[in-house]
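There are 2 protein chains.
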Amino acid sequence: MDDYFNLDCKRMRDGEFGGATAVGLETRTSSSPPCQYAFGPVFLPFFLLKGLIMSKAGADEGGAGGCGDSAKQLEAKDEKGGTLLSKLPAGPGWTKVSCPCCFSERVEPLVVVKLGGKVGPETKRWLIKMIGAPQKDGGAALLAHPGEDASGDIIVVSAPRCTLLRAAEELGLCKTYRGGDMEAFSYNDRDNFKDSDNMEAFLTLAERQYIVKYELDGLRAQRDLRIPGLPESRMLQKRDNIWQKLSSAGVVVDTFPLHNRKKLKDLGEAWYSGNQLAQPLDSVNDYFGSAVAFYFSFLDFYTWSLLTPAILGLTISYFSGEAQKEMVDSVSGSKVIINDDDSGPMISGHMLQAMFSMIWSTVFMELWKRRSSSLSYRWGTMNLAERFAEPRPNFHGDLGVNPVTGRVEPLFPEWKRDLRMVLVSVPVVGLFLGLVVLGMMCFYWGEAQVKQLHKDWDSLLSQALLYIPSVLHIVYTNMLGNVYRNVAQRLTEYENHREESAFENHLTAKILVFTFFNNFAVLFHIAFFKQDVPLLRKRLASLLIVSQLVNQVTEVVIPFLVDRFISAPHRTESEDDPQEDKFRNQRTLPVFPGLFAEYIELLVQFGYLSLFSCVYPLTAVLLLINNITEIRSDAYKICNLFRKPFSPPVANMGVWQVAFEVLSFVSVISNCWLLLLSPRLQELCREGGLSSTNVLLLAVFGEHVLILIKFIMAALIPDEPDWIRKKREQMEYTSMQALKEQHGLFFSSYQNKWASMVQKFPPPLVN
Amino acid sequence: MDDYFNLDCKRMRDGEFGGATAVGLETRTSSSPPCQYAFGPVFLPFFLLKGLIMSKAGADEGGAGGCGDSAKQLEAKDEKGGTLLSKLPAGPGWTKVSCPCCFSERVEPLVVVKLGGKVGPETKRWLIKMIGAPQKDGGAALLAHPGEDASGDIIVVSAPRCTLLRAAEELGLCKTYRGGDMEAFSYNDRDNFKDSDNMEAFLTLAERQYIVKYELDGLRAQRDLRIPGLPESRMLQKRDNIWQKLSSAGVVVDTFPLHNRKKLKDLGEAWYSGNQLAQPLDSVNDYFGSAVAFYFSFLDFYTWSLLTPAILGLTISYFSGEAQKEMVDSVSGSKVIINDDDSGPMISGHMLQAMFSMIWSTVFMELWKRRSSSLSYRWGTMNLAERFAEPRPNFHGDLGVNPVTGRVEPLFPEWKRDLRMVLVSVPVVGLFLGLVVLGMMCFYWGEAQVKQLHKDWDSLLSQALLYIPSVLHIVYTNMLGNVYRNVAQRLTEYENHREESAFENHLTAKILVFTFFNNFAVLFHIAFFKQDVPLLRKRLASLLIVSQLVNQVTEVVIPFLVDRFISAPHRTESEDDPQEDKFRNQRTLPVFPGLFAEYIELLVQFGYLSLFSCVYPLTAVLLLINNITEIRSDAYKICNLFRKPFSPPVANMGVWQVAFEVLSFVSVISNCWLLLLSPRLQELCREGGLSSTNVLLLAVFGEHVLILIKFIMAALIPDEPDWIRKKREQMEYTSMQALKEQHGLFFSSYQNKWASMVQKFPPPLVN
């Protein structure tokens, strides 16, 4: 015991255990469990008891002065060595771990819980107790720290080893096994997994933070109880979700994961600071989690895949000799109408481009699926067990026994959900799509009316009136979009999905359909109804160039300016602040808005390219240039301009993959149609003596054949590389064998029991 | 020992152990193992030794007279009681079981192996030894009986309990567990499965017989060896497939499962003798296996599903008032051309029928998938482990370690197979399809030429010439079909599939595409190129009626006549023959040709119905009548006119399901097209002032929307009922848990070991 304490003191002199100096006796008892265990189980119950009830004294003492000091000294160390960045010593302030193996000398703050302004200290104490209590007592089995003092408005949360490991098993994460293969992590078998004693190497930062959120979200009242400091009306019923209740009561205002400045700096250097071509995807996965990493991997893969169509597009444009002219036309927006009688080579390029983009989009999607599956193997998310875990907090239903897992949880029948989707969601979404079309029709009608008016009157007033339809349409579209987003959220909530991912996917799908419709309705209208190829080309070019310019400005220039002139001064001044203030400061950053906008930008791009690029061969070149900067600006944005997001482990892009695939099928239809519209082809047909009906029949026939070919190609290219398939089958085989062996063990133990019974009571010898 | 023997003698007096009377000493030692075990392990090695080498004396003695007698007495008993039908007593002739638990007093003959005429007794003895030897010695661990004598040309094979159970585990069969649920069978856990001590209740007859074939097919040489009685050139190399080698050497001519007359009679009575509406599908699965049972289930489901379109078709025909007229027209084949200006209501019926058949075909396929999945649960084939079992005998490749199961077996890389399919199979199949089209074109050209000739000359000779093109075309088509079947077999063999089911599916798919093309090319030609709806209607009606008449004659009338006047007398005369002759007689029946022809008949029917029925509303009625008789005639055929087929357990209809689904998509295209051709619609459009191009565009648009709706419907209707999904998830969850528990057990045993180590070497106490 003395030895340990001496060591402790030595460390304190070195500044590592800075915070401990102010704590006195508390430090000695709480930081020495390893010694305690050397002396047997006498102290154990006392220790466990202490773990359960957060010691008020410790919290009060450790808070105000101690932690501030510790933070300062940590920062100082950080500046020099950079090894112990933003870690708090285990001793003061933190609740005690409830199991001995989880004790570690330093605790890494993972998540900050922001409390409401009017929350009393007794409520905060109760909350800290709940967070720290073991799971069998209805707690989250995490570590909590009250920040500056018991009446402050934040709680810093971390997680002990056992909680992390158990949650990793529950989530179905795969980790490196002895042999080097990835295997589904099993808590009981933890010693055979690489690094399972060092949580910072074993789980990624994103995983650790997500697990904290997962545990907090999973807190449920074990019996009816009153939360101290809250009115009677906020009573918790048995099995109520505590975190939801606290949020709705205004106790918990916010829960967000903390940035790790050191890691973030390293990541930024490898990601967007230099001129490196490859992205540090593994580090992104480590820091931001697999959802973000999948987005950037896809962006990367997509950008490199653009090289081929870009080269083809450049070649076609060069040989048709029209590249420059068109560029000028489209940028200046001049009303030079491109002649209908385009020169021969241009049209053959048109056909080449159409054929190429049909094949390209299929091959691209199939290869991405392969890449995606190897990434999910690499990141250990190929075997997620969300179906078997607890349902998401908002899921409601009658309590019952889950027939699959045998746990008691809310149940909601599948058919009811299906019914709600078919009878409510689909009609409502359809209604909104109808409203978009209605808006567009009104716009065209209004525009025609106003133009007529202007032609008849030709006054200044009528010229001003010319803008009215556009303005009204924009306002209408925006309002509709906002209303729709709310409606989609409600609808998806009403559908009552059990898994978080299912909820996300259904919500995304709803918004996606609408946004897509909004973006492409005009282009489709031009292509299919007006049948005006030159207008389509002009519109596409201007859309591409304008939207990219706007994007570049909003995504690169503005963030850079904001960061340089607004955030940066703010940041330097906080260098000497106590750690808690820094945590609190992270809340001043805006919430990360999610990847929806980023994905939809890519999808719209992909749509321009695969659907309409044959009329404007330079599309791919423009997109390539845009995406190369996009990678960096997105990286910069997520690193510096937002709060760190929670990110659940995911195995693929989810509904986005489907969206891209659907688009690649629609591209066949659109390309066939555009080919048909090409004046050159129509001329050829007239020369060949084919009636327009027969040409149309030929085109329809060709389209069906191409779709068939696409289906066959998609079926023939396997969705996962051979080695992944083998690994997956191996996992299946192992678990099949395990099931049999377990049965066997049951049987053999039964046999053994029987054998020992026989030994004890030998059967009477009858001759 | 004396007691047991007395019992034995008593049984013999009762006539049960009839065959044993002629055997003498052999009987006493071999039929009393239970007594041996009561006296300890002294006799065990001797017994095992005897099990390995088939005793020649026993075979010779037990064969000629004994078995003949036994068979006679069994038959006598059979006539009266019907309980012990075609079971042979365990004693004489049979090889000995190698494990004590498998001993049973009567052995059920399952499979007959027919040897070549020139096979010497030493080869037969060696073969019997191989069949009886335990698997660790490279044998099949089955039971063999030499028939009449050692030089006879058959071997009767059965299987002991352990072999059956182990194979059931290897195949991944599901059986009823304690709780009543189906679970993957595990040998070690056998005591918890219902009926696992009574093989005849536990495994179906079809499963038992398939397992015998599976074990025989799996025999591999453990080292280089010479088969006694065969020339040096037939040496077995290590890991050679013995059964294949024996077949190619002419030693084994045939291997076929035996009918069980009693069960067959019961099955027939429940199936086709009475007027019952429902088929005894479970009994069919019991007796013929799941492949056959799935065919009859589908036929059943399909027939009942025909009711709705049949009623609709009748209604439409009745209201259009043309039903009778058309029937007469089409049957008599009169050349009354149906007027283009059909009456109004007929055409609206036409449209109604087209819309209906599009929706009906989707709903039908989706509901069948649900039914199929619940059947496969019921029959315990939902979890087949073919991937993890031994590869099929004809599979070849370099020896290596299977990365999934860790077993040494031939390996063949996936990409090589894909390459072979893409570069060889696809072009060759395409070539043959091209030849079909070429043949059709030549036929049309020839017909036109001959008609012209006849018109010009109009002589008797030219009239005879009129038939030449048709005759030539039929000859050409038949020849091509035969050549193609061989080529398809070779191609699939060349593709080198690992699993039997994959082989079957690829072979079926190849023949299927060709047959389908052959059947529908003419109709498609009429519909899409000639665009002649009346001709299509006439052709369809005559095809339906002629093909059904031909089918009924070949499938009902001829079999009935053959059975009554040719087979039946033959059968009665063999009533008093020895059992072995009866076994041999089953070989005189033709080999069951497989279900290909039956399925293709259904598929062609389904094609007529879903693709073209809108032009001939009575299609469904005709099909319904046909199928109701078809069920009975097919059942009669498979029960009485063929050898019993081996049937591997299958989980669904395999490639046939895909074929039906593809057809249901093609039906959308075809129906839209036929709607477009309908003169009424064209008239309406002319009245409405729409140009033909615009009508076509509308039709194409409608087609795309309908296909989209079909996709959405197929996606929305779940492929398996809710309760099956839950069961499946439960199985997945259990096996996931088992994997974790196993790891845990490994860990805890490691801990235990460590604890005992600590106990043995307590750490020195240092104060």
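Just so you know, the sequences run in chain order A and B.
Counting in the working numbering, the first sequence runs from 1 upward without gaps.
Counting in the working numbering, the second sequence runs from 768 upward without gaps.
Glycine is no exception: its CB is placed at the ideal position from the N, C-alpha and C atoms.
Keep in mind it's a predicted model, so treat the numbers as computed, not measured.
Practice task
Alpha carbon to alpha carbon, how far is residue 1206 of chain B from residue 926 of chain B? Give it in angstroms, no decimals.
Solution key: One-based indexing of the second sequence puts residue 926 of chain B at position 159. One-based indexing of the second sequence puts residue 1206 of chain B at position 439. Going from the Cα of residue 926 of chain B to the Cα of residue 1206 of chain B covers about 52 Å.
Handout entry: Interface flag, residue 692 of chain A vs chain E, CB-CB below 8 Å
Key = In the structure shown, chain E does not exist; the protein chains are A and B.
Exercise for the section: Could you tell me whether any Cβ in chain A is nearer than 8 Å to the Cβ of residue 1155 of chain B? Expected result: On the second sequence, position 388 is the one that residue 1155 of chain B refers to. By this cut-off, residue 1155 of chain B is an interface position.
Practice task
Please list the residues of the segment 466 to 489 of chain A that have a C-beta atom closer than 7 Å to any C-beta atom in chain B, keeping them in chain order.
Solution key: none
Practice task
Compare the C-alpha of residue 616 of chain A against each of A:389, A:554, A:688 and A:538 and name the closest.
Solution key: Position 616 of the first sequence holds residue 616 of chain A. Residue 616 of chain A has its Cα closest to that of A:538, out of A:389, A:554, A:688 and A:538.
Practice task
Can you have a look at residue 627 of chain A and say buried or exposed, based on whether 16 or more other CB atoms are within 10 angstroms of its CB?
Solution key: Reading the first sequence from its first residue, position 627 is the one you call residue 627 of chain A. So residue 627 of chain A ends up on the buried side.
Problem - DSSP-derived helix/strand/coil call for residue 174 of chain A - result: For the purposes of this step, residue 174 of chain A is identified with residue 174 of the first sequence, where counting begins at 1. The DSSP-derived three-state label of residue 174 of chain A is strand.
Problem - At least three beta-carbon pairs within less than 8 Å, the segment 1053 to 1069 of chain B to the segment 1410 to 1419 of chain B - result: yes
Handout entry: The alpha helix (DSSP H) enclosing residue 950 of chain B, as first and last residue numbers
Key = Position 183 of the second sequence holds residue 950 of chain B. Following the DSSP letters along the chain, one finds residue 950 of chain B in no alpha helix (DSSP H) but inside the beta strand (DSSP E) bounded by residues 949 to 951.
Handout entry: Beta-carbon proximity of residue 609 of chain A to residue 619 of chain A, cut-off 8 Å
Key = Here the question's residue 609 of chain A lines up with position 609 in the first sequence. Here the question's residue 619 of chain A lines up with position 619 in the first sequence. Yes, Cβ-Cβ distance for residue 609 of chain A and residue 619 of chain A is below 8 Å.
Practice task
With residue 114 of chain A as the anchor, note down where its beta strand (DSSP E) starts and where it stops.
Solution key: Residue 114 of chain A sits at position 114 when you count from the first residue of the first sequence. First-last of the beta strand (DSSP E) with residue 114 of chain A: 111 to 115.
Exercise for the section: Leaving aside the five residues before and after residue 177 of chain A along the sequence, list all residues of the same chain whose C-beta is less than 7 Å from its C-beta, in chain order. Expected result: As a first step, residue 177 of chain A must be located in the first sequence, where it is residue number 177. Once the five neighbours on either side are set aside, the close Cβ partners of residue 177 of chain A are 183, 192 and 193.
Problem - Given residue 528 of chain A as reference, the closest of A:612, A:376 and A:592 once Cα atoms are compared - result: Indexing the first sequence from 1 puts residue 528 of chain A at position 528. Residue 528 of chain A has its Cα closest to that of A:612, out of A:612, A:376 and A:592.
Exercise for the section: Taking only beta carbons into account, state which residues of the segment 641 to 673 of chain A come closer than 9 Å to chain B, listed in chain order. Expected result: Along the segment 641 to 673 of chain A, the positions whose C-beta sits under 9 Å from a C-beta of chain B are 669, read in chain order.
Problem - Any chain A beta carbon closer than 8 Å to residue 1277 of chain B - result: Sequence index remark: in the second sequence, residue 1277 of chain B carries index 510 (1-based). No, residue 1277 of chain B does not count as interfacial toward chain A.
Problem - residue 258 of chain A beta carbon less than 8 Å from that of residue 146 of chain A - result: By one-based count along the first sequence, residue 146 of chain A stands at place 146. By one-based count along the first sequence, residue 258 of chain A stands at place 258. In this structure, residue 258 of chain A does not lie closer than 8 Å to residue 146 of chain A by Cβ.
Practice task
Answer with yes or no whether the minimum CB distance from residue 188 of chain A to chain B is below 8 Å.
Solution key: Stepping through the first sequence from its first residue, residue 188 of chain A is reached at position 188. Cβ-Cβ to chain B under 8 Å: yes for residue 188 of chain A.
Handout entry: Endpoints, the beta strand (DSSP E) within which residue 1273 of chain B is located
Key = Sequence index remark: in the second sequence, residue 1273 of chain B carries index 506 (1-based). Counting along the chain, residue 1273 of chain B sits inside no beta strand (DSSP E); it lies in the alpha helix (DSSP H) bounded by residues 1267 to 1291.
Exercise for the section: May I have the straight-line CA-CA distance separating residue 588 of chain A from residue 367 of chain A, to the nearest angstrom? Expected result: In the first sequence, the residue the question calls residue 588 of chain A occupies position 588. In the first sequence, the residue the question calls residue 367 of chain A occupies position 367. So the alpha carbons of these two residues sit roughly 41 Å apart.
Exercise for the section: Anything in the segment 1466 to 1479 of chain B with a Cβ closer than 8 Å to a Cβ of chain A? List those residues in chain order, please. Expected result: Of all residues in the segment 1466 to 1479 of chain B, 1467 and 1471 have a Cβ within less than 8 Å of some Cβ in chain A.
Exercise for the section: Using beta-carbon positions only, say whether residue 349 of chain A and residue 311 of chain A come within less than 8 Å of one another. Expected result: Here residue 349 of chain A corresponds to residue number 349 of the first sequence, with the count starting at 1. Here residue 311 of chain A corresponds to residue number 311 of the first sequence, with the count starting at 1. Going by C-beta atoms, residue 349 of chain A is not nearer than 8 Å to residue 311 of chain A.
Exercise for the section: Can you give me the Cβ contacts of residue 911 of chain B inside the same chain, cut-off strictly under 6 Å, excluding the 5 residues immediately before and after it? Expected result: Locating residue 911 of chain B in the second sequence gives position 144, counting from the first residue. Around residue 911 of chain B: 862, 895, 898, 899, 922 and 924.
Handout entry: residue 735 of chain A: contacting residues in chain B (beta-carbon distance under 8 Å)
Key = Walking along the first sequence from the start, residue 735 of chain A turns up at place 735. Near residue 735 of chain A (Cβ distances below 8 Å), the residues of chain B are 1502, 1503, 1505 and 1506.
Problem - Backbone secondary structure at residue 193 of chain A - three-state DSSP - result: In the first sequence, the residue the question calls residue 193 of chain A occupies position 193. Residue 193 of chain A: strand per DSSP, three-state reduction.
Exercise for the section: Compare the C-alpha of residue 481 of chain A against each of A:515, A:462, A:491 and A:453 and name the closest. Expected result: Here residue 481 of chain A is taken as the residue at index 481 of the first sequence, counted from 1. Considering only alpha carbons, the answer is A:515.
Practice task
Enumerate in chain order the residues of its own chain whose CB-to-CB distance from residue 411 of chain A is below 7 Å, with the five nearest sequence positions on each side excluded.
Solution key: As a first step, residue 411 of chain A is located in the first sequence; it is residue number 411 there, counting from the start. Taken in chain order, the residues that qualify are 397, 398, 400 and 402.
Practice task
Give a yes or no on whether 8 Å exceeds the smallest Cβ distance from residue 1182 of chain B to chain A.
Solution key: Residue 1182 of chain B sits at position 415 when you count from the first residue of the second sequence. Closer than 8 Å: yes.
Practice task
Using a Cβ-Cβ cut-off of 8 Å, state whether residue 1119 of chain B counts as contacting chain A.
Solution key: Here residue 1119 of chain B refers to the residue found at position 352 when the second sequence is read from its first residue. Not one chain A Cβ lies under 8 Å of residue 1119 of chain B.
Practice task
Please classify residue 667 of chain A: does DSSP put it in a helix, a strand, or coil?
Solution key: Indexing the first sequence from 1 puts residue 667 of chain A at position 667. Residue 667 of chain A: helix per DSSP, three-state reduction.
Problem - Cutoff 7 Å; reference residue 272 of chain A; Cβ partners in own chain excluding five residues on either side - result: Residue mapping note: residue 272 of chain A aligns to position 272 of the first sequence, counting from 1. Contacts found: 632, 635 and 636.
Exercise for the section: Give the residues of chain A in contact with residue 1171 of chain B, contact being defined as C-beta atoms less than 7 Å apart. Expected result: What you label residue 1171 of chain B is simply residue 404 of the second sequence in a count that begins at 1. Simply 726, 729, 730 and 733.
Exercise for the section: Express the C-alpha separation of residue 554 of chain A and residue 562 of chain A in angstroms, rounding to a whole number. Expected result: Residue numbering aside, residue 562 of chain A sits at position 562 when the first sequence is read from its first letter. Residue numbering aside, residue 554 of chain A sits at position 554 when the first sequence is read from its first letter. Note on geometry: alpha-carbon atoms of residue 562 of chain A and residue 554 of chain A lie some 11 Å from one another.
Exercise for the section: Determine the extent of the alpha helix (DSSP H) in which residue 443 of chain A is found, giving its start and end residues. Expected result: Position 443 of the first sequence, counting from 1, holds the residue named residue 443 of chain A. Note, residue 443 of chain A: alpha helix (DSSP H), 426 to 457.
Exercise for the section: Look at the alpha carbon of residue 774 of chain B and the alpha carbon of residue 870 of chain B, and state the distance between them as a whole number of angstroms. Expected result: As a working note, residue 774 of chain B is residue 7 in the second sequence. As a working note, residue 870 of chain B is residue 103 in the second sequence. For residue 774 of chain B, the predicted structure reports a pLDDT of 32, less than 50, and the residue's modelled location is therefore unreliable. A value from the coordinates is still provided. For residue 774 of chain B and residue 870 of chain B, the distance between alpha carbons rounds to 17 Å.
Handout entry: Cβ neighbours of residue 1391 of chain B in the same chain (closer than 6 Å, five flanking residues each side left out)
Key = Translated into positions along the second sequence, residue 1391 of chain B becomes position 624. Around residue 1391 of chain B: 1073 and 1077.
Practice task
Name the two residues that bound the continuous alpha helix (DSSP H) containing residue 1401 of chain B.
Solution key: Along the second sequence, one-based indexing puts residue 1401 of chain B at 634. Where residue 1401 of chain B is concerned, the enclosing alpha helix (DSSP H) stretches over 1386 to 1407.
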